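Chemist: My structure is below; once you've seen it, I'll send some questions.
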Amino acid sequence: MMVTGIPVHEEITKTRTFKHPGNRNILIAGGSSGLGNIMDFYNDLKDARHFHYFVLCGKNQKLYEEIKGWELQHVTPIPYISSRTEMNELYERVDAIVTKPGGITVSEALRKNLPIFVHSALPGQEEVNLRYLTERNLVQELKADQSLESQLQAVLQDADKMSTLYNAIAAYHKEIEAQTPEELLAVVNWILGEKQTIGLHA
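Note that the working numbering has the sequence shown beginning at 356, numbered continuously upward.
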């Protein structure tokens, strides 16, 4: 058995080149269709003072227009992004991500070494993902009865908590045995080669 994790496109780079001071920018995401329960965060966002929030709306044009209509200088709605390069640049502009525990988004955030805060999980696979991630200290689960911004501050501005988080992410990366497309291709070729050898000796 070989641990590969969910393959992440090479345009989502592992290194972060964008430099800015402090933990100031937060990405809020909720899947390719956009975050459906953004109104749950509205009161928190309109009174926010410490962070700038980028809300990934996906293909939900109604959500995009609604957030744009709030006219909050510290909340920026972002429409659907099809370019992985643009998505990589967005990851580099933010200091943490608030999302659901979907496999692709979480895998990309881990690759970028971003702190991950989970706002909700759908029954089924996302619940399984969340359990795996929380057991390994890879994500912080948000509480619905507490302020979003206060929970973000409690982690992002605590050196010990951030150290624990980054150590957990580093340990996760060490478990991945094939991280690049070339390494994954080598694994596939090895498996196919083994099958062919078995076939010849059968």
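No residue lacks a Cβ here, since even glycine has one placed at the ideal position from N, Cα and C. Note that the coordinates shown come from a computational prediction; the quantities given were computed from them, not determined experimentally.
Please go through the segment 444-513 and give each complete alpha helix (DSSP H) segment of 4 or more residues, from N-terminal end onward.
Modeler: 458-466, 480-490 and 503-511
Chemist: Let me make sure I understand the geometry here. Which of THR454, ILE422 and GLU490 has the alpha-carbon closest to that of ILE433?
Modeler: ILE422
Chemist: Buried or exposed: TYR446, going by 16 or more other Cβ atoms within 10 Å of its Cβ?
Modeler: buried
Chemist: Helix, strand or coil for ASN398, going by three-state DSSP, please let me know.
Modeler: The three-state secondary structure of ASN398, taken from DSSP, is helix.
Chemist: Taking 7 Å as the threshold (C-beta atoms), are ARG448 and LYS369 in contact?
Modeler: no
Chemist: Out of LYS455, GLU481, HIS407 and GLN508, which one is the CA nearest neighbour of HIS474?
Modeler: Taking only the C-alpha atoms, the option nearest HIS474 is LYS455.
Chemist: Taking the alpha-carbon positions, what's the GLY391 to VAL510 distance?
Modeler: Bear in mind that a pLDDT of 48 at GLY391, under 50, signals an unreliable position, so the number given afterwards is only what the model happens to contain. Roughly 25 Å separates the two Cα atoms.
Chemist: In angstroms with no decimal places, state the Cα-to-Cα distance between THR443 and THR460.
Modeler: The sequence given here places Asn at residue 443; Thr does not occur at that position. Between ASN443 and THR460, the alpha-carbon positions lie close to 12 Å from each other.
Chemist: Using C-beta distances below 7 Å, list every residue in its chain close to GLU482, excluding the 5 sequence neighbours before and after it, in chain order.
Modeler: ALA476
Chemist: Under DSSP, the alpha helix (DSSP H) around GLY424 begins and ends at which residues?
Modeler: 416-425
Chemist: Alpha carbon to alpha carbon, what distance is there between ASN415 and MET517?
Modeler: 33 Å
Chemist: Going straight from the alpha carbon of GLU365 to that of TYR527, what length do you get?
Modeler: 18 Å
Chemist: With DSSP as the reference, label HIS528 as helix, strand or coil.
Modeler: helix
Chemist: When we look at the beta-carbon of ALA464 and count the other beta-carbons within 10 Å, is it buried (16 or more) or exposed?
Modeler: buried
Chemist: So, for ASN484: in the same chain, excluding its five sequence neighbours on each side, which residues have a beta-carbon less than 6 Å away from its beta-carbon?
Modeler: Correct list, in chain order: PRO456.
Chemist: Between VAL453, ILE381 and GLU426, which lies nearest to LYS498 when the distance is taken from Cα to Cα?
Modeler: Of the candidates VAL453, ILE381 and GLU426, the one whose C-alpha sits nearest the C-alpha of LYS498 is VAL453.
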